[in-house]
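Protein sequences appear in the order of chains X and R.
Okay, so the first sequence: first residue is 1413 according to our numbering, each after it adds one.
Okay, so the second sequence: first residue is 16 according to our numbering, each after it adds one.
Note that beta-carbon positions come from the ideal geometry of N, C-alpha and C, so glycine has one too.
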Amino acid sequence: MVELLAQTGLNALYAASYTALVAVGLVLIFGVMGVINFAHGELFMLGAYAIVAVYADWNLPYLVAVAVGMAFVGTVGLGMERAFFRPLRDNPLGGLVASIGFLMILQALVSMGFGVRMEHVPPVTQEVIVITERVRLPVFRLAVILAAVVLLAGLWAFLKKTRFGWALRASAQDPEAAALQGISINQTARIAMFIGAALAGVAGALTAPLISVNPHMGHSVIVTAFIVIIVGGIGSLEGAVIVAVAYAFVHTFVTTFFDGVIADIVGLLLLLIVLIVKPTGLFGSTDRA
Amino acid sequence: MVAKMFKNVLTRRSLLGSGAAVAGSAAAAAILPRKAFAQDKVVKIGFLAPLTGPVAAWGKPGLDGCLIWGEWINAAGGINIGGEAHAVEFVAYDNEYDPAKARTGATKLIREDGVKFIMMLGGDTWPGAQPVADRTGMLFSTLLPSDLSPDTTTLIAPCEVHPIYNVTGVEWLADNMPELKTAVMCAQDDALGLPSVATYLAAFEAAGIEMQDDPLLFDPATTDFAPVVTRLISGNPDIVCLDTCYADYVHPICEQLFQQGYGGQVISCTADFYQQIVAKTSEEFMEGFVFQFPDFDDPALNDESINFQMPNEFYAAYASRYGADQWGAVSWEYASIMDLWKAGAEKAGSAEPDAVLAAMKEGGTGLHAFGEADWWGKDLFGIDNALVGNWPIVVIEGGKATIKEFRSIPEWYAKHGELLKKHMSAYGQMWDQRT
């Protein structure tokens, strides 16, 4: 039983890592721009397809492919900001609808370019750390966990220690007051969108060798991300990280000890309870970023 | 990648995402008969299956196979109906595995395209098309006989009797590896997964193999299978059964089994694109993997009892056109249904649905791809509209799928039918339990 608990804990850590990356990106975009980006799951999908193209098809090194994926998806995010979200800044519902339309466009484009079947991504490494006979941690999963920790720590440092980070947080708290202080709302929106999209992209790129890469893979990710950010408090980065970890542990342990369907029900029940008891989410406040 | 995109755009785009009109045109253009047929001597066949979306792997390869089948038939003189040669033309409609789109597609194929027969994957999409079938009397086929009921008089399951044939794999395992005593199973919680769970439970019970745990059901939206696999192998089972999981699940589950150090037997209904699983795990890990769908380059398919025309050549043409790694469980199935339909139409001297159906079912037997078979199913489906006979047991050996044996589904059912009905009832999968 101890070994089962330990293996499940390791599984949960991995799930928490990529869930946190996706959720934090989504929160950042909402926090600064006030837009619910329904296409966030498709940005995750684009990151995975960057791995298919650069790593699997062009045979370039995996880390190069991750960097390309991160930059590419971040750039797509910039394009979304300029094309959809900026013109619709005063119309949050319009931004949401635009993001729904864009997710369909991305799915169609990827289907046309790559086909609808799942893509084969060769394993980066098959090395496994054998802790005991029943407790094993594949090296690649460990790398994903570490990468997520480094990226989230870097984001935290960026937001807390740099002028751009202060500007982002100020824009998130009160856009008008921030503008009066000379902070460019357009620039902070661009930065937020680039970072948020890049985080989704890098999450997709990091996990691509471990999951089924197909044009519709973003769906399940966005559902989980929404649960996390609602429970964490929409706009709260700390809440997103903490709840991503907690949700991943609950979901993984319930899946292991009951089954995956019950795990989904438990996740949605938690969402309902939080919405009833604390509608702003566990860490929700006026200080959104 | 650019070349890949270019190739995909040129050869696949119209069939993937651009809707029925473009797809139908592309299909028609692709199979224009080489032999000259009179303009009105064309019989149109509807292909109403998922060509995009998560279930496309069980639709699109089937259309690809049908296009080859159509080219061959037309080149050989077409279909002889009432003494006149008719070219065959496939009209595709992408239902995206959506019941509403299936209904729209069925209506369009019948009213606008004038098809004489519609092939479907079935499952969640059949309830969408059924009212159209009831209203028009159109002959439909499904790969999933769980769609059958006494009310579906114009629906046939003439190829794949999913999931009943899975019993043959378990029976073969028990006969050839009697040391395997315990099993666990996982499945997605949907219309494909649950009847298969019931079938495997019956097959394991019939074989005297003990289930270590209840089947582990997971949400079809699952992407990370580490927790599922951790739970599955926690009791060190002799057999891990992957039920009828989609390829999107079979691949990551196998990779997790490999990474978590499982060294036992794996059995699955399908192993689509299994070369990729071998690449992600190892040849040693995949050695002995049992499933139910052969590659058609298998020499065993050249046996005279096989009723699929030139299977090895068909596989070669498919691999040449689409790539060997794109061969899947359904690549041959819809084409084999067309063999049956062609024989029925030629026998009836008519392409009209009721005449073809009567000719197909005459005498209660038919020529299934894997040998002579019976029209069967009243016990389980309430109607004898499933063509059931032998089914192959396929094992991966040296990284390649190999047919080990053909086994009779009716013979298994004659011995263990009550077990199957018991488990189907427990999972609410009998025809009179379905809503």
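Please list the partners that residue i has in chain X, where partner means a Cβ-to-Cβ separation under 7 Å.
{"i": "K295/R", "result": "P1535"}
{"i": "S249/R", "result": "L1416"}
Look at residue i and residue j and say whether their C-beta atoms are less than 8 Å apart.
{"i": "A221/R", "j": "L434/R", "result": "yes"}
{"i": "Q280/R", "j": "L195/R", "result": "yes"}
{"i": "K131/R", "j": "P368/R", "result": "yes"}
{"i": "L1433/X", "j": "V1614/X", "result": "yes"}
{"i": "T168/R", "j": "M135/R", "result": "no"}
{"i": "I424/R", "j": "P407/R", "result": "no"}
{"i": "K56/R", "j": "A102/R", "result": "yes"}
{"i": "G1725/X", "j": "T1692/X", "result": "Beyond the ends of chain X as shown, which are 1413 and 1701, falls residue 1725/X; an answer cannot be given."}
{"i": "P235/R", "j": "S1624/X", "result": "no"}
{"i": "V1547/X", "j": "E1415/X", "result": "yes"}
{"i": "G1437/X", "j": "G1630/X", "result": "no"}
{"i": "I248/R", "j": "L188/R", "result": "no"}
{"i": "F396/R", "j": "I321/R", "result": "no"}
{"i": "L1455/X", "j": "V1485/X", "result": "yes"}
{"i": "W356/R", "j": "F311/R", "result": "no"}
Any beta-carbon of chain X closer than 8 Å to the one on residue i?
{"i": "R246/R", "result": "yes"}
{"i": "L232/R", "result": "yes"}
{"i": "S335/R", "result": "no"}
{"i": "A441/R", "result": "no"}
{"i": "H266/R", "result": "yes"}
{"i": "P252/R", "result": "no"}
{"i": "Q291/R", "result": "yes"}
{"i": "P69/R", "result": "yes"}
{"i": "A35/R", "result": "Caution applies to A35/R, whose pLDDT of 35 falls short of 50 and renders its modelled position unreliable; the value that the coordinates give is listed next. With 8 Å as the cut-off, A35/R does not count as an interface residue toward chain X."}
{"i": "I75/R", "result": "Here residue 75/R turns out to be Lys, not Ile, going by the sequence shown. Yes - at least one Cβ of chain X is within 8 Å of the one on K75/R."}
{"i": "F237/R", "result": "For the record, residue 237/R in the displayed sequence is Thr; it is not Phe. So yes, T237/R belongs to the interface."}
{"i": "A72/R", "result": "yes"}
{"i": "D263/R", "result": "yes"}
Using a cut-off of 7 Å between C-beta atoms, extract the partners of residue i located in chain R.
{"i": "V1488/X", "result": "Chain R residues near V1488/X: none, gap ~16 Å exceeds 7 Å."}
{"i": "N1423/X", "result": "A241, P242, T245"}
{"i": "D1676/X", "result": "D234"}
Just mark residue i as buried or exposed, buried being the case when its beta carbon has 16 or more other beta carbons within 10 Å.
{"i": "E270/R", "result": "buried"}
{"i": "W342/R", "result": "buried"}
{"i": "R336/R", "result": "exposed"}
{"i": "V1689/X", "result": "exposed"}
{"i": "V1562/X", "result": "exposed"}
{"i": "A350/R", "result": "buried"}
{"i": "S440/R", "result": "exposed"}
{"i": "D1671/X", "result": "buried"}
{"i": "L1558/X", "result": "exposed"}
Let me see if you follow: with CB-CB separation under 8 Å, is residue i close to chain R or not?
{"i": "H1452/X", "result": "no"}
{"i": "P1550/X", "result": "yes"}
{"i": "S1624/X", "result": "yes"}
{"i": "Q1419/X", "result": "yes"}
{"i": "R1501/X", "result": "no"}
{"i": "V1655/X", "result": "no"}
{"i": "L1455/X", "result": "no"}
{"i": "A1427/X", "result": "yes"}
{"i": "M1629/X", "result": "yes"}
{"i": "M1516/X", "result": "no"}
{"i": "V1414/X", "result": "no"}
{"i": "S1648/X", "result": "no"}
{"i": "M1530/X", "result": "yes"}
{"i": "T1668/X", "result": "yes"}
Could you work out which residues of chain X lie near residue i, taking near to mean beta carbons separated by less than 9 Å?
{"i": "G276/R", "result": "V1540, V1542, E1545, R1546, R1548"}
{"i": "S423/R", "result": "By Cβ distance, chain X contributes nothing, its closest Cβ being about 33 Å from S423/R, past 9 Å."}
{"i": "A198/R", "result": "Simply none; closest approach about 17 Å."}
{"i": "D204/R", "result": "D1671, G1672, V1673"}
Counting only C-beta atoms, is residue i closer than 8 Å to chain B at any point?
{"i": "L1684/X", "result": "The structure shown contains no chain B; the protein chains it does contain are X and R."}
Cβ closer than 8 Å: which chain X residues qualify as neighbours of residue i?
{"i": "D79/R", "result": "Residues of chain X passing the Cβ test: none, with the nearest at roughly 11 Å."}
{"i": "T417/R", "result": "Per Cβ cutoff of 8 Å: no residues; T417/R is ~22 Å from chain X at best."}
Could you tell me which chain R residues have their CB closer than 8 Å to the CB of residue i, listed as they occur along the chain?
{"i": "V1635/X", "result": "A236"}
### Message
At 3 residues or longer, what runs of the beta strand (DSSP E) sit wholly inside the region 65-127 of chain R?
### Response
94-96, 99-109
### Task
Kindly provide the ranges of any alpha helix (DSSP H) runs that are 4 or more residues long and lie completely inside the region 233-298 of chain R, ordered along the chain.
241-247, 262-274, 289-295
### Query
What beta strand (DSSP E) runs, 3 residues minimum, are completely inside the region 120-188 of chain R?
132-135
### Message
Could you tell me which whole alpha helix (DSSP H) segments of length 4 or greater appear in the region 1561-1603 of chain X?
### Response
1575-1585, 1587-1592
### Query
Can you list, in chain order, the stretches of the beta strand (DSSP E) that have 3 or more residues and sit fully within the region 203-236 of chain R?
231-233
#### Entry: Length at least 4, wholly inside the region 1499-1524 of chain X: the alpha helix (DSSP H) runs in chain order
none
### Message
Please give the ranges of any beta strand (DSSP E) in the region 404-436 of chain R, keeping only runs that are unbroken, at least 3 residues long and fully inside the region.
### Response
405-412, 415-423
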